[in-house]
Each structure stands twice: as C-alpha cells, then as structure tokens.
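The sequence shown begins at 1 in the UniProt record's numbering and counts up one residue at a time. Have a look at the structure below before the remarks.
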Amino acid sequence: MATVLAVKDLVVNYGAVQALKGITVELGEHDIVAVLGANGAGKTTLLKSISRIQPIKGGSIALKGRDLATVPAFQLAGLGIAHVPEGRHVFATLTTEENLNLGAYGVRNMPAGKELEKTKEWIFSLFPILKERRKQLAGTLSGGEQQMLAIGRGLISKPHVLLLDEPSLGLAPIILQEIFRVIRQIHEEEGVSILLVEQNARKALSVARYGYILELGKIAIEGNACDLRNDEGVRAAYLGGSKVTC
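As structure tokens, this is what we get:
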C-alpha cells in the first residue's frame, strides 16, 4: 500500500512541555488508521501539527512525498487535506448550507456552480438531515447534526486525506452509529484516506486497518487493528470484554 501521509519523528512543544516526543505515523492510500489514547496523550496535537495549526519542533510531515513544513495552513485544502476538528466549530450564525459553502471557499481547483451543487447533494445523501436543515442556522442544530455538518464541511473540498478528531464526542449511541456508517461509506465508495483520532477505541478499531495508541506523547503500542482488539493490555485499558474474531 502506497503511503499518502507520513509523519516521522515528530516533536511538538508547548513552552517547556514536550507534547509529542518523536512519534512516527503512516497513513496509506485508501486507508483508515486510528489514533487512540487518553486525554492529554497528544492525539489532537498530532492532527493540529499535520494541519500546520501547531508549529513543530522537530521531525517531518509529508503528503505523497511532499514536505509540508513550509506549506501555509490555508493551502492544505487545495493539496487534498481536510481537518474536522474536535468540538465541531461550525459557524453558528450561518446556515447549514453557508457552512458547507465555506468549506469550498478559496480551495484551488474546487468545482464551482453545478459541480459544487453536485458535491453538496452527495453530502446531503450521506446526511439527509442536513438537506432538511440547509436553511437553518448552524447554531440551532443539535450536537449530532453539528457533527454531521462539520464532517460535511470537510468533505465539500473532496479531500484525499480526512483528519477526524473525536467525531463521536458527546453523541448519542444512535448518532454515533450513523457517523461511523458514513466513515465507512466515504472510505469504501470514495477511497478517502482517514486518520481517525478517537477515545472510543472499540468503534475506531472496528473501522480501521491499523492503529496507534499514544501515551504521554509517545506511541505505546501499534499494530493491525484486529491484533490490537485482541491484545490483553489494550482490551484491559480501552476495550474490556472478550477477544473478537476479525
């Protein structure tokens, strides 16, 4: 499997505190990789570093072999990376549709006019409730609907790589199931490569091919998702229950 996103020996500091301590993560073409760990492990810092939001102290980040060290954050969408942040961060005073339109704003080579409308209809097919709410202010949507909108806004640019930060956070079980159904669908039908940061290890490893578990800024364990689901230490810390058949 060809590597589409390569993070190597990444070091990130917050002042005197070292948040990431030389971690290496790879995401393949048409792949789903999960990054798991407790609060404060460095998961969100990893995604912010890839998105050029958080400066890095050392190491490298490359997209299809291209070093992203000098690429401004606003150019990443044009290169095929979309970041759906933790906490949704929708524009509350804009409508659902206006939020989606903003996801395509300024993206080089992003189709406009009929092509943009076609892309929005695809997103509405993934999340039908968003079509019903297209003229509704985003701030009046439920938490689950805002999460759908945040993902839709990330998808509007038709990315090659989707960075998802805690998409299940605060969601009711039925909405959580819907979100993970869509994650599977966009991966299987569109071939989007997904780097999935999650605290819900059970759900994340059920869709991922490979997983990394971070502890205090280091990779504590990594491996095939099925192997991690059956690892005694991982099950004790994150999963519980008996071994699974993959």
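Heads up, the beta-carbon is just placed ideally off N, CA and C, and yes, glycines get one too.
For I50, the three-state secondary structure derived from DSSP is helix. Under the DSSP definition of a beta bridge, E222 partners with Y212. The beta carbon of K203 sits closer than 8 Å to the beta carbons of S168, L176 and F180 from its chain, once the five residues preceding and following it are set aside; these are given in chain order. Rounded to whole angstroms, the gap between the alpha carbons of V35 and K135 is 35 Å. Per the C-alpha coordinates, the member of L130, L94 and S49 positioned closest to P72 is S49.
Sequence-distant Cβ neighbours of T44 in its own chain, meaning closer than 7 Å and more than five residues away, are E86, D165 and V197. V84 counts as buried, since at least 16 other C-beta atoms from the protein chains shown sit within 10 angstroms of its C-beta.
T45 carries a helical assignment under DSSP once its states are collapsed to helix, strand and coil.
At a Cβ-Cβ threshold of 8 Å, V234 and I221 count as neighbours. Collapsing the DSSP output to three states places Q177 in a helix. Counted as a single uninterrupted DSSP element, the alpha helix (DSSP H) harbouring K114 occupies residues K114 to L126.
For K64, there is no enclosing beta strand (DSSP E), as DSSP gives it neither H nor E. The DSSP-derived three-state label of V25 is strand. Under the three-state reduction of DSSP, E166 is assigned to coil, being neither helix nor strand. Its Cα nearest to that of G152, the residue K120 stands out among E132, I174, K120 and A69.
Secondary structure at N101: helix, using DSSP grouped into helix, strand and coil.
The straight-line gap separating the alpha-carbon atoms of A172 and G144 is approximately 8 Å. Comparing alpha carbon positions, the residue from P55, K158, D231 and Q147 closest to T70 is P55.
In this structure, V192 sits near H160, with a CB-CB distance shorter than 8 Å. The beta carbon of L195 sits closer than 6 Å to those of L27, V33 and L163, all from its chain and outside the five residues before and after it, given in chain order. Annotated as proximal: L155 and I186, with beta-carbon spacing under 8 Å. Exclusion of the five residues before and after T95 leaves R134, K135, Q136, L137 and A138 as the residues of its chain whose Cβ lies within less than 8 Å of its Cβ.
Within the same chain, Cβ atoms closer than 8 Å to the Cβ of G22 are found at D9, L10, V11, G58, G59 and K218, the five residues on either side in sequence being excluded. DSSP places L149 in the uninterrupted alpha helix (DSSP H) bounded by G143 to L155. Membership of L5 in the beta strand (DSSP E) is indicated by the continuous run T3 to Y14.
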